[in-house]
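Engineer: Residue numbers (the numbering used here): 1 to 279. Beta carbons are placed, not taken as given, at the ideal position from N, Cα and C, and that holds for glycine.
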Amino acid sequence: MRSSNTTLVQVSEKSKVPLIGAIPFGLIERGTNVIQIRPSSMCPLSCIFCSTDAGPRSRTRLAEYLVDLNYMINYFNALADFKGIGDIEGHIDTVGDPLTYPYLIDLIKRLKQNPRVKVVSLQTHGHLLTEERIYEMEEAGLDRVNLSIDSLNAELARFLSGNPLYDVEKVKERASIITECTDMDLLIAPVWLPRINDKDIPKIIEFALSVGAGKKWPALGIQKYIPHRLGRKPKGVRPMSWSEFYSALEKLESEFGVKLVLSPEDFGIHPAPRLPKVM
1 MRSSNTTLVQ VSEKSKVPLI GAIPFGLIER GTNVIQIRPS SMCPLSCIFC STDAGPRSRT
61 RLAEYLVDLN YMINYFNALA DFKGIGDIEG HIDTVGDPLT YPYLIDLIKR LKQNPRVKVV
121 SLQTHGHLLT EERIYEMEEA GLDRVNLSID SLNAELARFL SGNPLYDVEK VKERASIITE
181 CTDMDLLIAP VWLPRINDKD IPKIIEFALS VGAGKKWPAL GIQKYIPHRL GRKPKGVRPM
241 SWSEFYSALE KLESEFGVKL VLSPEDFGIH PAPRLPKVM
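1) Would you call residue 41 buried or exposed, if buried means 16 or more other Cβ atoms sit within 10 Å of its Cβ?
2) Any C-beta of chain D sitting closer than 8 Å to the C-beta of residue 128?
3) Can you check whether the CB of residue 114 is closer than 8 Å to the CB of residue 221?
4) Could you give the distance in angstroms between the alpha-carbon of residue 259 and the alpha-carbon of residue 266?
5) Is the beta carbon of residue 100 less than 8 Å from the beta carbon of residue 62?
6) Terminal residues of the continuous beta strand (DSSP E) containing residue 200?
7) Starting from the C-beta of residue 82, find all residues in its chain whose C-beta is less than 8 Å away, skip the five residues before and the five after it, and write them out in chain order.
8) Can the beta-carbon of residue 195 be found less than 8 Å from the beta-carbon of residue 257?
9) Please state whether the Cβ-Cβ distance between residue 88 and residue 37 is less than 8 Å.
10) Mapping DSSP to helix, strand and coil, what is residue 75?
11) If you draw a straight line from the alpha carbon of residue 243 to that of residue 70, how long is it in whole angstroms?
12) If I'm right that residue 202 touches residue 252 with Cβ under 8 Å, what's the distance once you round it to whole angstroms?
13) Using the Cα positions of residue 107 and residue 140, report the straight-line distance between them to the nearest angstrom.
14) Residue 299 to residue 104, Cα distance in whole Å?
15) Based on Cα-Cα distance, which residue from 200, 67, 189 and 174 lies nearest to residue 134?
16) Tell me where the beta strand (DSSP E) around residue 265 begins and ends.
17) For residue 97 and residue 65, I'd like the C-alpha separation in whole angstroms.
18) Roughly how many whole angstroms lie between the Cα atoms of residue 153 and residue 189?
19) Using 8 Å as the threshold, is the C-beta distance between residue 200 and residue 247 below it?
20) Please return the same chain residues whose Cβ sits closer than 6 Å to the Cβ of residue 90, not counting the five positions on each side in sequence.
21) Is residue 73 buried or exposed, if buried means 16 or more other CB atoms sit within 10 Å of its CB?
22) Is the beta carbon of residue 67 closer than 8 Å to that of residue 102?
23) Based on the DSSP output, what are the partners of residue 32 in its beta bridges?
24) If we require 3 or more residues per run, which beta strand (DSSP E) segments fall completely within the region 58-112?
25) Is any heavy atom of the ligand ATP found at a distance shorter than 7 Å from the C-beta of residue 68?
Here it is as C-alpha cells:
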C-alpha cells in the first residue's frame with residue numbers, strides 16, 4: 001500500500017489539521033456543486049504515469065494520510081451547508097485509491113444521508129475491488145464507479161500499473177458485475193499514453209460499450225496524460241497537445257458513435273458558492 005520510507009499520519013479532530021487546503025487528503029472544492037473527498041492517500045499500485053507518485057514504489061512521498069470518518073463527515077456537511085444547494089455530488093477520489101480506506105462503506109452511507117447530496121461517485125483502478133465490495137457500495141448508496149482501465153492486454157496492464165499482481169481480467173469481471181447486477185452506473189476512464197497504449201484505446205471503448213457502461217452518465221472519460229513535476233514520467237511518451245487530444249477523440253467519436261469529448265454539463269456540474277481564499 002505504501003513505501004517503507006513513508007509515515008502513516010492519521011488526521012482527526014484531535015490533530016487540529018484542517019481538511020480544506022491540502023491536496024493529499026480532506027476536501028477539495030472548486031466553486032461547483034462537486035466536492036472531492038480524499039479520505040486516504042494510499043494506493044496498492046505504482047502506475048508508471050502516476051501524477052502523484054503513489055504506491056509502494058514512491059520515491060518522493062514522506063507520508064501517507066488517513067482521515068477519521070467522523071471528522072471528514074463533519075467537515076463535508078459544513079461545506080455542503082455553505083454551498084446551500086440540493087444537488088451536490090460527493091466524488092471520492094484520492095491521490096491513491098479510495099478502496100484503501102477502511103471505512104469506505106460507512107463514508108458512502110453517511111454522504112448519502114446528507115439531504116443536500118444528490119450523487120456519490122468513486123474513482124478507482126479496481127485492483128482491490130471484490131464482488132462483495134461492489135454490492136456493499138451499492139447498498140450504501142453509491143451512484144457511479146469511475147473505473148480506470150488503461151489496457152486490456154494483461155502484460156501491458158501489469159506494466160502500466162507497476163504491480164505484477166494487477167489482473168485486468170478480474171477488473172473486467174468486476175466491471176460486468178457493476179453494470180449487469182447493480183443499479184450503479186459505470187464510467188471507464190483510461191489514461192491515454194501516446195506510443196504506449198494507443199492501440200488499446202479503441203479496444204477499451206468497445207469494452208465499455210459491450211458491458212453497458214454509461215446508463216445515466218457518459219460511458220467513457222478518456223484522460224489525457226499530463227506530466228507533473230513530482231509525478232512519474234514514462235520514457236518515450238510525448239504528451240499530446242490539447243488540440244491533438246480532442247481531435248483524436250472526435251475521430252473516435254465518429255468511429256464508435258459514442259460521446260468522448262465531455263463537458264461539465266454531461267455530469268450535471270454547475271457553478272456553486274466557492275469558499276473565499278485566505279491569504
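Structural biologist: In short, the structure shows the following:
1) Residue 41 comes out buried.
2) Absent from the structure: chain D. Only one protein chain is present.
3) With respect to the 8 Å criterion, residue 221 and residue 114 are not classified as neighbours on the basis of their beta carbons.
4) The alpha-carbon atoms of residue 259 and residue 266 are separated by roughly 10 Å.
5) Their beta carbons are not under 8 Å apart, which means residue 100 does not touch residue 62 by this criterion.
6) No beta strand (DSSP E) contains residue 200, which is instead part of the alpha helix (DSSP H) from 200-211.
7) If the five residues before and after residue 82 are omitted, its C-beta is found closer than 8 Å to the C-beta atoms of 273 and 275, all from its own chain and listed in chain order.
8) No. Outside cutoff.
9) With respect to the 8 Å criterion, residue 88 and residue 37 are not classified as neighbours on the basis of their beta carbons.
10) Here residue 75 sits in helix by DSSP.
11) Those two C-alpha atoms are separated by around 44 Å.
12) Yes, residue 202 and residue 252 are in contact; Cβ-Cβ is about 7 Å, under 8 Å.
13) Near 9 Å, if we compare the C-alpha coordinates of residue 140 and residue 107.
14) It is not possible to answer for residue 299, since the shown part of the chain is limited to 1 through 279.
15) Checked all of 200, 67, 189 and 174; the closest Cα to residue 134 is 174.
16) No beta strand (DSSP E) contains residue 265, which DSSP labels as neither H nor E.
17) For residue 97 and residue 65, the gap between their C-alpha atoms comes out near 12 Å.
18) Cα to Cα, the separation comes out at about 16 Å.
19) No.
20) Once the five neighbours on either side are set aside, the close Cβ partners of residue 90 are 35, 37, 111, 117 and 120.
21) Flag for residue 73 reads buried.
22) Taking C-beta atoms as the reference points, residue 102 and residue 67 fail to come closer than 8 Å.
23) DSSP output for residue 32 lists 271 as bridge partner(s).
24) Assignment of beta strand (DSSP E) within the region 58-112, counting only whole runs of 3 or more residues, yields 63-67 and 88-92 in chain order.
25) Ligands are entirely absent from the displayed structure, and the ligand ATP is therefore not among its contents.
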